[in-house]
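K.L.:
Respectively, the protein sequence lines represent chains G, P, E and U. At the far end of the first sequence sits residue 402, using full-length UniProt numbering, and the numbering has no gaps. At the far end of the second sequence sits residue 402, using full-length UniProt numbering, and the numbering has no gaps. At the far end of the third sequence sits residue 402, using full-length UniProt numbering, and the numbering has no gaps. At the far end of the fourth sequence sits residue 402, using full-length UniProt numbering, and the numbering has no gaps.
Number of protein chains: 4
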Amino acid sequence: MRSLTEALAAPLGDADATIQSMEDASPAKWHLAHTTWFFETFLLSEHVDGYEPFDPDWAFLFNSYYESHGERNARFNRGMISRPSLDEVLAYRAHVNAAMEPLLADDELAPLVVLGCAHEQQHQELLLTDIKHALFQNPLGPAMFDAARDPAAKRCEPEWLSYPGGIAKIGHQSDGFAYDCEGPSHRALLEPFAMRSTLVTNREWAEFVADGGYDDALLWLSDGWAWVQENDVQAPLYWRDGEQFTHAGWRARDPDAPVTHISYFEADAFATWAGRRLPTEFEWEAIARGQDCPECDAAFDSAAGNQLDAGRIGATPVMPRGGTELFGDCWQWTRSAYLPFPRFRPAEGAVGEYNGKFMSGQFVLKGASCATARGHSRASYRNFFYPHQRWQFTGLRLAKDI
Amino acid sequence: MRSLTEALAAPLGDADATIQSMEDASPAKWHLAHTTWFFETFLLSEHVDGYEPFDPDWAFLFNSYYESHGERNARFNRGMISRPSLDEVLAYRAHVNAAMEPLLADDELAPLVVLGCAHEQQHQELLLTDIKHALFQNPLGPAMFDAARDPAAKRCEPEWLSYPGGIAKIGHQSDGFAYDCEGPSHRALLEPFAMRSTLVTNREWAEFVADGGYDDALLWLSDGWAWVQENDVQAPLYWRDGEQFTHAGWRARDPDAPVTHISYFEADAFATWAGRRLPTEFEWEAIARGQDCPECDAAFDSAAGNQLDAGRIGATPVMPRGGTELFGDCWQWTRSAYLPFPRFRPAEGAVGEYNGKFMSGQFVLKGASCATARGHSRASYRNFFYPHQRWQFTGLRLAKDI
Amino acid sequence: MRSLTEALAAPLGDADATIQSMEDASPAKWHLAHTTWFFETFLLSEHVDGYEPFDPDWAFLFNSYYESHGERNARFNRGMISRPSLDEVLAYRAHVNAAMEPLLADDELAPLVVLGCAHEQQHQELLLTDIKHALFQNPLGPAMFDAARDPAAKRCEPEWLSYPGGIAKIGHQSDGFAYDCEGPSHRALLEPFAMRSTLVTNREWAEFVADGGYDDALLWLSDGWAWVQENDVQAPLYWRDGEQFTHAGWRARDPDAPVTHISYFEADAFATWAGRRLPTEFEWEAIARGQDCPECDAAFDSAAGNQLDAGRIGATPVMPRGGTELFGDCWQWTRSAYLPFPRFRPAEGAVGEYNGKFMSGQFVLKGASCATARGHSRASYRNFFYPHQRWQFTGLRLAKDI
Amino acid sequence: MRSLTEALAAPLGDADATIQSMEDASPAKWHLAHTTWFFETFLLSEHVDGYEPFDPDWAFLFNSYYESHGERNARFNRGMISRPSLDEVLAYRAHVNAAMEPLLADDELAPLVVLGCAHEQQHQELLLTDIKHALFQNPLGPAMFDAARDPAAKRCEPEWLSYPGGIAKIGHQSDGFAYDCEGPSHRALLEPFAMRSTLVTNREWAEFVADGGYDDALLWLSDGWAWVQENDVQAPLYWRDGEQFTHAGWRARDPDAPVTHISYFEADAFATWAGRRLPTEFEWEAIARGQDCPECDAAFDSAAGNQLDAGRIGATPVMPRGGTELFGDCWQWTRSAYLPFPRFRPAEGAVGEYNGKFMSGQFVLKGASCATARGHSRASYRNFFYPHQRWQFTGLRLAKDI
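1) Should the region 51-62 of chain P be called in touch with the region 14-34 of chain P, which here means at least 3 C-beta pairs below 8 Å?
2) Can you give, in chain order, each stretch of the alpha helix (DSSP H) that sits fully within the region 54-142 of chain P and has at least 4 residues?
3) Roughly how many whole angstroms lie between the Cα atoms of Gln229 of chain E and Thr260 of chain E?
4) Would you grab the beta carbon distance between Asn138 of chain P and Arg83 of chain E for me? Rounded to a whole angstrom, and I think it's under 8 Å.
5) Under a CB-based cut-off of 8 Å, is Gly249 of chain U close to chain G?
6) With a threshold of 16 other CB atoms inside 10 Å of the CB of Pro320 of chain P, please say whether the residue is buried or exposed.
7) What separation, rounded to the nearest whole angstrom, lies between the Cα atoms of His376 of chain E and Asp180 of chain E?
8) So what does DSSP say about Trp220 of chain E, is it helix, strand or coil?
9) Between the region 377-389 of chain E and chain U, which residues of the former have a C-beta closer than 7 Å to a C-beta of the latter?
10) For Trp160 of chain G, count the other beta carbons within 10 Å of its own beta carbon; 16 or more makes it buried, fewer makes it exposed. Which is it?
11) When the cut-off is 8 Å and only beta carbons count, does Asp24 of chain P lie next to chain E?
12) Using a Cβ-Cβ cut-off of 8 Å, state whether Ala310 of chain G counts as contacting chain U.
13) From U:Asp223, U:Ala10, U:Ala7, U:Arg93, pick the residue whose C-alpha is nearest to that of Gly361 of chain U; which is it?
14) Run the CB neighbour count on Ser263 of chain E, radius 10 Å, all protein chains shown included, and call it buried at 16 or more, exposed below.
15) Whose C-alpha, out of E:Val233, E:Asn231, E:Glu325, E:Gln392, is nearest the C-alpha of Asp256 of chain E?
16) Under 8 Å, with one C-beta from each stretch per pair, do the region 278-285 of chain E and the region 160-175 of chain E reach the 3-pair mark?
17) Taking DSSP as the reference, what is the three-state secondary structure of Ile287 of chain E?
18) Report the neighbours of Glu281 of chain G on chain P: residues whose CB is nearer than 8 Å to its CB, in chain order.
19) Taking the continuous alpha helix (DSSP H) assigned at Arg203 of chain P, which residues delimit it?
20) Please return the same chain residues whose Cβ sits closer than 7 Å to the Cβ of Leu135 of chain U, not counting the five positions on each side in sequence.
21) Mapping the DSSP letters down to three states, classify Leu189 of chain U as helix, strand or coil.
22) Would you list, in chain order, the members of the region 10-43 of chain E that have their beta-carbon closer than 9 Å to a beta-carbon of chain U?
23) Starting from Asp268 of chain P, trace the beta strand (DSSP E) both ways and give me its first and last residue.
24) Which residues of chain B have a Cβ atom closer than 8 Å to the Cβ of Ile167 of chain P, listed in chain order?
25) Measure the C-alpha to C-alpha separation of Tyr338 of chain P and Asp16 of chain E and round it to an integer number of angstroms.
26) Chain P partners of Asp401 of chain G, CB-CB under 7 Å?
27) Within the chosen definition, does the region 387-399 of chain P reach the region 3-14 of chain E through at least 3 CB pairs nearer than 8 Å?
28) Tell me the residue span of the alpha helix (DSSP H) that contains Trp331 of chain P.
29) Give me the chain E residues within the contact set of Arg276 of chain U, using Cβ-Cβ distance strictly less than 8 Å, ordered along the chain.
30) Taking the alpha-carbon positions, what's the Gln244 of chain U to Leu112 of chain E distance?
31) Just to confirm my understanding: we take Ala99 of chain E, look at its own chain, exclude 5 residues before and 5 after, and list those with CB closer than 6 Å. What are they?
32) Excluding the 5 residues flanking Met1 of chain P on each side, which residues of the same chain have their C-beta closer than 6 Å to its C-beta?
33) Residues of chain G with CB closer than 7 Å to the CB of Tyr163 of chain P, please, in chain order.
34) Kindly indicate if chain G contains any beta-carbon less than 8 Å away from that of Phe62 of chain U.
35) Determine the direct distance from the alpha carbon of Phe265 of chain P to that of Met22 of chain P, and round the result to whole angstroms.
36) Taking just the CA atoms, how far does Arg251 of chain G sit from Lys366 of chain P?
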């Protein structure tokens, strides 16, 4: 699993892996090291007698936001860490991987190992979205992957998937891994509604733009309108004329592909313009639980798989083969704020800082994107971002009351 | 009803009524004029043939955030409007009041008139909180009201009010006035919980401070901790040693009075420290619907009533006589984000900009404060502010799962 | 002399006198009080046994930048001081004036009294420029003075005043009052040059604008171009179409009047565009010492005089009657940085903070404006502002090498 | 000469050469490419028929501030250019060097070639100061050079070098290369003064710190005090306890070495504290013209020379062997603003943007630092920086009136 991270970083040079384009993003090298630090700190240092850290100073460098684990390197300073080099960080990974071997058989530690792997999978996605944003800053528009295979998205006819209302079972319900914020499983009361079977496409978004969507204050949330004005927003992030910036550089935009890289503000304005609304996270999950999670849409499985799908990441995202596009194209904004489920308790200890502390000001996104690791998709997954953020593969799906 | 606004502004000079201390607050003169502009714009100009605006330029000056009604005077510029003077604005009020007389009997217009009055009541509260913040900037700490009567708060023993869970009816359910966001009335599913009968007091808050509450990152939401650090927050707004700034200037703090002027971040951190949590808006409303709304706690009824209670406003807030302190002491933060109820639709026309557009990033507060107009309190009322804001009379009430 | 200050403030209401439009400017009330504080602090408190301050708290409020005299009220907070009211401040002035009476005959104190008066004269000018900026923020464009008399400026033919070069005597050379920075008198070596007899007019400036002066980066200093871009500057401050904002509100612009309210950046760019340059302060002073200081141009002499000239202030500035427009129209940017003269020593004691501490980053302006008190003009006077500032009556005069 | 640039960059990895720590600084890779772009743009493209740019897109990337040469890559974005890689930039250098060969014999182009070399020498110094600042951000404090040889500075007794006053000849006076702003040569009138023979040392600065120099507002220029407060300045840049950050990492501070990395504000405050003042640029030059320029102090001569002196750069700067420390230790702040000399005219064409446009808000520094290329030192050289900047090797020398 961890080797995928190296595979994703393989096309990057030392400089590519070092730069940081904004506070929200981190350097690729940092992702490589921070995920390793997680294993070293929470597993090796605590459970292996006499384990010596690879380099004691690195704990400071590669901690992220665990306030209980000492002063952190100020977040925006991550892009200043030219040393250790990419090669040294890769050696760090090899060292920790080797040291972890004996622990993988320890059943007691299994939950922590699984958490470390899930954590790494999250950072695999962030590595991809962060480096995309960094390369985008370069006027030369450099490509990270080839885009040899770039199948056009199939045009699907949207349908309305109806739900009769009633009490739905929400939240993580199996024995598999899930983050603390996905539970406890609980009941939610839903009114009758319908959700569209397909995501909103670039073609539909272009109509919104052409209709003056970005110029009509009445379509926007108040904070959204302020954001549009202040940043002179006129299109999704990464749009330029008929093109879109991708991991394979600037490419022609596929009108039938789902729109991506939009903020919550944009998603909400679009829904208002379309006379619809965004679904709640509960509505989305209720629909998703009645559907099969389409495995074929998962983006990455292994390093091999990644080599195979590099073109896909490089290209504009393509429509999945059939299905309802729930997973594997883009994260879908819901109108639900990221808040605790009833009876939620943060996990004990340092890892308890993981999710609960972010429960203000953010919105839940459901599904999974083309950059999400395959095993990391499930109906109960709650991704969350601030309403102005859009450097992730974020899109939307419409809903309506019935 | 409107005469209360003038009564509240009576202790203010022209200069007092002109200054603006921050973007969130508005000058008293602006509140006086803006509420009048509402009647002139939505009633007189649209429903009285040949009505001439008092001054056509004032529409621009005193519009607030209605994007559909033309360019507004940039919000932070409100404090630059030394002219018209306070006297001229009072003349404007008299003029519009007189012109409104014939319309008060028109049943068709009644909903708009009622909305205009509710709007004015909101601004009465804002006038009080905004001028308090403005006077607080003055190192001389000037008083606006006398504080002759200042009864100490009674010390009440807190109890836990239990709720068995189940489906509760939430939202506005009577024929009386309510804002669009209070409806539609709908069902909500609640798990068993208990809510404390009393508000958190200054005494309890002082314990939190003494215990290092403001220095322990682990108690705080991530955004809250950043806010504490950036603003060097060490106590509620308006605290200074054993004193508290009030409308009657700096006064000794009553330990048994409810703590006020805290942010959501602080409320949440306190609850975490206390091993409890904040209630949801649905839990709060469910409890409140089982209680009588204690009329005796309402702050203002008439200009006369205001004269009477000026001391109360000037003083530190006092405990209500018995009851559960639901209304009339302070707004109580809930852990619910301010979002639309199921099947919510904004009102048609310009007044539809009233509430729906603020549905991102804010939290719901329930109850009513000592500065809330008496007729403006009801169980379905949804006040909302950003989690860092605390210049309103904001406090908290603890809840727990059972 | 001090009664002129009251006369200038006479058209202002309490609110007008309280507001502050930017950090560079101060409220009129503050000017009234601060100049009084100067007399109270440096004369009454130090030289009158048993003198009781009018109000001890006001020392904090009305100190300006004398670091040695205790913590100051943060500069941008001055606009929050709604109390004391304008009337109370006027009472403060009367109180201090009365207390000063006996000291006026004391020869030993005469230098400090003269400094206090010069200080007050500076603030008279600032009071006028600051309130103009504040009223300008008001979309209603209110007038402070009538503009009954508004004689059109006479069109003068510009001539070149030549100077042969050589050693000039620079700096304050008489027994009259001067600030410390005007001395010591010293020799300066000048190359041959010529300076224009007239100021640059609105007409000439309009040609610069029409020729794309604000759009051609090559005309500008690097910092100037950044300032133009960041603030989207397209014209002098207070220009709007063919109008100009004045103390008498919006008025038609007189093309033959000197251009005013320009920054150093603009003055320098204009000179470059015109193929000329700005004079140095030494060149300007050398020319001025060969000219009579035209008394008729001085703006104010007494309260009566002010009443008389209120229209002049209200109007666009008018050309002086003959002469070389050195004094009484506008301050003229020189290309000299504000730095100490050879052998300069700041005055001893607190008043020594007066000038020397501002000697970095600012440019010298010579002459006097239409808002400068009559007795406050002299050839050695060194006014100074940052190169981006332009809310004073600032203009320019061209020079060239010969 | 250009090979020294490569030699200086030799210890840097691709990531080291890419990062940018602040807007004032540029990545090493950018320095390498920008100096090359200068030769390509002003020599090859204009004077070689059929010359094809190495890569047409790079002109945009590696232009700096020549407004006449097209839109530039926003300055703070330079740190985002991970591609081209360091190797590719070195190939660019080789390509342009080869293409330049035939032009070196062309007498007509000699002035531009010399300018290009001088420009490169400036960037050699900036490369060293910028990478030092970037590595300083890294909590690991990485070293770029070894510090094998680190001779302690010799303790010199300071003497006062007197100057009798009179007319001095100032500005560039030989046939050698000089920037346009160093001329025209002209006369300046000086009063009698004395200048210290030695630079202020770390030992003296430590006394200033110990005496509360950073806490006494009265010692500081007004802007300087604001800068101290806002940035919480307590010592020169790169000081930490008894250590100093150098190109060889954190090293013990030599008390007898000249203090470096101080702002003009600090230099001025120190001089005030010491009861002295800073010299003017004219005083400094007049003294320097009476001294031999000590060749032995020049830091770099060739790549070989650089290898030799790497330890010197890495170490704390050392006292020169005898002499008056005019050149080769640190740039010395003067109290002269950076302004045009009499009859100054910017050079024609694009290279005319080189110096004149920076003539506002900056101060002149004289001498040369340990990072200045040997051939780049001369008495007429005018370096200039804003008064708050201190990432260069900046120090001071005291003067006094006599």
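Beta carbons: idealized from backbone N, C-alpha and C, even for Gly.
P.N.:
Based on what the coordinates show:
1) yes
2) Whole alpha helix (DSSP H) segments, 4+ residues: 58-62, 86-100, 110-136.
3) To locate residue 229 of chain E, count along the third sequence from 1; it is residue 229. To locate residue 260 of chain E, count along the third sequence from 1; it is residue 260. Taking the straight line from one Cα to the other gives about 21 Å.
4) What you label residue 138 of chain P is simply residue 138 of the second sequence in a count that begins at 1. What you label residue 83 of chain E is simply residue 83 of the third sequence in a count that begins at 1. Right, the Cβ-Cβ distance comes to about 6 Å (below 8 Å), so this counts as a contact.
5) Within the fourth sequence, the letter at position 249 stands for residue 249 of chain U. Not closer than 8 Å to any Cβ of chain G, the Cβ of Gly249 of chain U fails to qualify, so no.
6) Position 320 of the second sequence, counting from 1, holds the residue named residue 320 of chain P. Unreliable positioning characterises Pro320 of chain P in this predicted model, as indicated by a pLDDT of 38, which lies under 50. A coordinate reading is not provided.
7) Counting from one through the third sequence, the residue named residue 376 of chain E turns up at place 376. Counting from one through the third sequence, the residue named residue 180 of chain E turns up at place 180. So the alpha carbons of these two residues sit roughly 15 Å apart.
8) In the third sequence, the residue the question calls residue 220 of chain E occupies position 220. Here Trp220 of chain E sits in coil by DSSP.
9) Pro387
10) For the purposes of this step, residue 160 of chain G is identified with residue 160 of the first sequence, where counting begins at 1. By the 10 Å Cβ count, Trp160 of chain G comes out exposed.
11) The residue labelled residue 24 of chain P in the question sits at position 24 within the second sequence. No, Asp24 of chain P lies away from the interface with chain E (no Cβ there is under 8 Å from its Cβ).
12) For the purposes of this step, residue 310 of chain G is identified with residue 310 of the first sequence, where counting begins at 1. Confidence is the limiting factor: at Ala310 of chain G the pLDDT is only 40, short of 50, which leaves the residue's position unreliable, though a coordinate-based value still follows. By this cut-off, Ala310 of chain G is not an interface position.
13) Reading the fourth sequence from its first residue, position 361 is the one you call residue 361 of chain U. Here the closest residue by C-alpha is U:Asp223.
14) Counting from 1 along the third sequence, the entry for residue 263 of chain E is found at position 263. Within a 10 Å sphere around the beta-carbon of Ser263 of chain E sit 16 or more other beta-carbons, which makes this residue buried.
15) Here residue 256 of chain E is taken as the residue at index 256 of the third sequence, counted from 1. Of the candidates E:Val233, E:Asn231, E:Glu325, E:Gln392, the one whose C-alpha sits nearest the C-alpha of Asp256 of chain E is E:Glu325.
16) yes
17) As a position in the third sequence, residue 287 of chain E is number 287, starting the count at 1. Note: Ile287 of chain E maps to helix in three-state DSSP.
18) As a first step, residue 281 of chain G is located in the first sequence; it is residue number 281 there, counting from the start. Those within 8 Å of Glu281 of chain G in chain P number zero; the least Cβ separation is about 11 Å.
19) Indexing the second sequence from 1 puts residue 203 of chain P at position 203. For Arg203 of chain P, the enclosing alpha helix (DSSP H) begins and ends at 202-210.
20) Working through the fourth sequence from its first residue, we reach residue 135 of chain U at position 135. Excluding sequence neighbours, Leu135 of chain U sits near Pro142, Met144.
21) Counting from 1 along the fourth sequence, the entry for residue 189 of chain U is found at position 189. In the structure shown, Leu189 of chain U sits in a strand (DSSP, three-state: E or B).
22) none
23) As a first step, residue 268 of chain P must be located in the second sequence, where it is residue number 268. Asp268 of chain P -> not in any beta strand (DSSP E); alpha helix (DSSP H) instead, spanning 264-273.
24) No chain B appears in this structure, whose protein chains are G, P, E and U.
25) Indexing the second sequence from 1 puts residue 338 of chain P at position 338. Indexing the third sequence from 1 puts residue 16 of chain E at position 16. Those two C-alpha atoms are separated by around 39 Å.
26) Translated into positions along the first sequence, residue 401 of chain G becomes position 401. Those within 7 Å of Asp401 of chain G in chain P are Arg343.
27) no
28) For the purposes of this step, residue 331 of chain P is identified with residue 331 of the second sequence, where counting begins at 1. Looking at the DSSP string, Trp331 of chain P is not in any alpha helix (DSSP H); the run it does join, the beta strand (DSSP E), is 331-337.
29) By 1-based counting over the fourth sequence, the position of residue 276 of chain U is 276. Simply none; closest approach about 12 Å.
30) Here residue 244 of chain U corresponds to residue number 244 of the fourth sequence, with the count starting at 1. Here residue 112 of chain E corresponds to residue number 112 of the third sequence, with the count starting at 1. Distance between the alpha carbons of Gln244 of chain U and Leu112 of chain E: 48 Å.
31) For the purposes of this step, residue 99 of chain E is taken as the residue at position 99 of the third sequence. Once the five neighbours on either side are set aside, the close Cβ partners of Ala99 of chain E are Leu44.
32) For the purposes of this step, residue 1 of chain P is identified with residue 1 of the second sequence, where counting begins at 1. Here the set comprises Cys117.
33) In the second sequence, residue 163 of chain P corresponds to position 163, counting from 1. Near Tyr163 of chain P there are no residues of chain G at all, since even the closest Cβ is about 13 Å away, more than 7 Å.
34) Position 62 of the fourth sequence, counted from the start, is the residue given in the question as residue 62 of chain U. Output row for Phe62 of chain U: interface = no.
35) In the second sequence, counting from the first residue as 1, residue 22 of chain P sits at position 22. In the second sequence, counting from the first residue as 1, residue 265 of chain P sits at position 265. Near 20 Å, if we compare the C-alpha coordinates of Phe265 of chain P and Met22 of chain P.
36) Here the question's residue 366 of chain P lines up with position 366 in the second sequence. Here the question's residue 251 of chain G lines up with position 251 in the first sequence. Distance between the alpha carbons of Lys366 of chain P and Arg251 of chain G is about 51 Å.
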